[in-house]
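Protein chains: 2
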Amino acid sequence: MSNNNLIKGSLQTIILKLLEENERMYGYEITQKVKELTAGEIKITEGALYPALHKLEADGLLTTEIEQVDNRVRKYYSLTKGGQKEVDNKMAELQGFVENLQRILNPTWNPGLT
Amino acid sequence: MSNNNLIKGSLQTIILKLLEENERMYGYEITQKVKELTAGEIKITEGALYPALHKLEADGLLTTEIEQVDNRVRKYYSLTKGGQKEVDNKMAELQGFVENLQRILNPTWNPGLT
DNA sequence: ATTATATACATAAGAAATTTATGCATACAA
DNA sequence: TTGTATGCATAAATTTCTTATGTATATAAT
Chain H
10 MSNNNLIKGS LQTIILKLLE ENERMYGYEI TQKVKELTAG EIKITEGALY
60 PALHKLEADG LLTTEIEQVD NRVRKYYSLT KGGQKEVDNK MAELQGFVEN
110 LQRILNPTWN PGLT
Chain Z
10 MSNNNLIKGS LQTIILKLLE ENERMYGYEI TQKVKELTAG EIKITEGALY
60 PALHKLEADG LLTTEIEQVD NRVRKYYSLT KGGQKEVDNK MAELQGFVEN
110 LQRILNPTWN PGLT
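Read top to bottom, the protein sequences are chains H and Z. If you read the first sequence in the numbering used here, its first letter stands for residue 10, the second for the next number, and so on. If you read the second sequence in the numbering used here, its first letter stands for residue 10, the second for the next number, and so on.
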């Protein structure tokens with residue numbers, strides 16, 4: 010994940026959320042999407058992405074379909090029902106953590122502000 | 010750090026920021042402060058905290074003073090000049106990361122909103 | 001007495017998530 | 001034939017953390 014040593018542990022959440030929005034995606038597509046959304050500031054490395062995808066699949070949160078496109082193999086991932094539930098859990102967990110972080114780091118910050 | 014596998018790498022930022030606000034603190038005090046600020050949701054473990062403090066000191070960002078209080082030893086930490094600069098760097102880095110995370114996870118979110 | 005909890009430091013073994021490096025394979029441009 | 005892009009994958013090493021353990025003092029509970 011680029012030069013950021015921050016927020017290890019959010020990769021699963023990123024994958025799940027992107028798949029909630031996009032129905033199905035393949036690995037390389039995810040790396041490009043993240044790069045695009047963050048103006049190149051966050052780069053997901055293959056060494057982090059593929060093991061994460063395999064784990065989510067092993068945990069029953071994702072399913073795969075393999076397709077041939079232009080003589081190249083693509084492995085599409087999509088959310089299972091369990092995966093769809095897990096998106097909300099992970100998002101709530103992450104949001105809660107970020108709020109706690111704000112309470113620690115930003116003394117003037119108030120969670121009720123709009 | 011409690012049951013949160015999220016945000017590994019933010020501990021240094023937390024330590025530096027708390028020391029910017031409090032002039033000087035000792036290890037146990039830091040764990041209690043974080044617990045208090047987050048209503049017990051984030052608990053910094055000793056096994057994470059002390060090695061982190063030692064590393065920050067070794068890197069020249071913190072200095073220490075040992076004192077006896079009620080027959081117990083306390084090791085007070087405070088920011089060096091280098092440490093004071095590093096607070097801003099780490100905070101900017103973390104804020105930038107959180108913004109990028111929002112761009113990925115919250116499609117309707119706009120960084121310019123007030 | 002002695003057990004538990006709180007304060008206060010520290011280190012070591014193990015687990016988890018990542019980076020870095022490497023490998024295979026196709027397509028296209030220089 | 002060299003480099004870049006696409007597309008998958010795994011292994012070694014590193015970082016960062018959890019869990020467990022150890023030392024020590026003080027106080028409250030059993």
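A virtual CB, placed ideally from N, CA and C, is assigned to each residue, including glycine.
Rounded C-alpha distance that separates residue i from residue j
i              : j              : result
residue 30(H)  : residue 49(H)  : 20 Å
residue 51(H)  : residue 83(Z)  : 40 Å
residue 34(H)  : residue 81(Z)  : 58 Å
residue 109(H) : residue 62(Z)  : 21 Å
residue 93(H)  : residue 112(H) : 30 Å
residue 76(Z)  : residue 22(Z)  : 25 Å
residue 60(Z)  : residue 99(H)  : 29 Å
residue 25(Z)  : residue 53(Z)  : 14 Å
residue 46(H)  : residue 40(H)  : 10 Å
residue 73(H)  : residue 36(Z)  : 47 Å
residue 78(Z)  : residue 17(H)  : 38 Å
residue 44(H)  : residue 85(Z)  : 42 Å
residue 96(Z)  : residue 88(Z)  : 9 Å
residue 67(Z)  : residue 117(H) : 31 Å
residue 107(H) : residue 114(Z) : 13 Å
is_contact[residue i, chain H] using C-beta, thresh 8 Å
i              : result
residue 5(Z)   : Limits of chain Z in this structure are 10 at one end and 123 at the other, which puts residue 5(Z) out of reach.
residue 116(Z) : yes
8 Å Cβ cutoff, residue i in contact with chain Z
i              : result
residue 98(H)  : no
residue 26(H)  : yes
residue 23(H)  : yes
residue 112(H) : yes
residue 92(H)  : no
Distance between beta carbons of residue j and residue i, contact taken as under 8 Å
i             : j             : result
residue 42(Z) : residue 27(Z) : 6 Å
residue 19(Z) : residue 71(Z) : That pair is no contact at about 17 Å.
residue 91(H) : residue 69(H) : 5 Å
Counterpart residues of residue i in DSSP-defined beta bridges
i             : result
residue 84(H) : 75(H)
_Every unbroken alpha helix (DSSP H) within the region 26 to 54 of chain H, with a cutoff of 4 residues, ordered by chain_ = Scanning the region 26 to 54 of chain H for uninterrupted alpha helix (DSSP H) segments of 4 residues or longer gives 36 to 46, listed from N- to C-terminal end.
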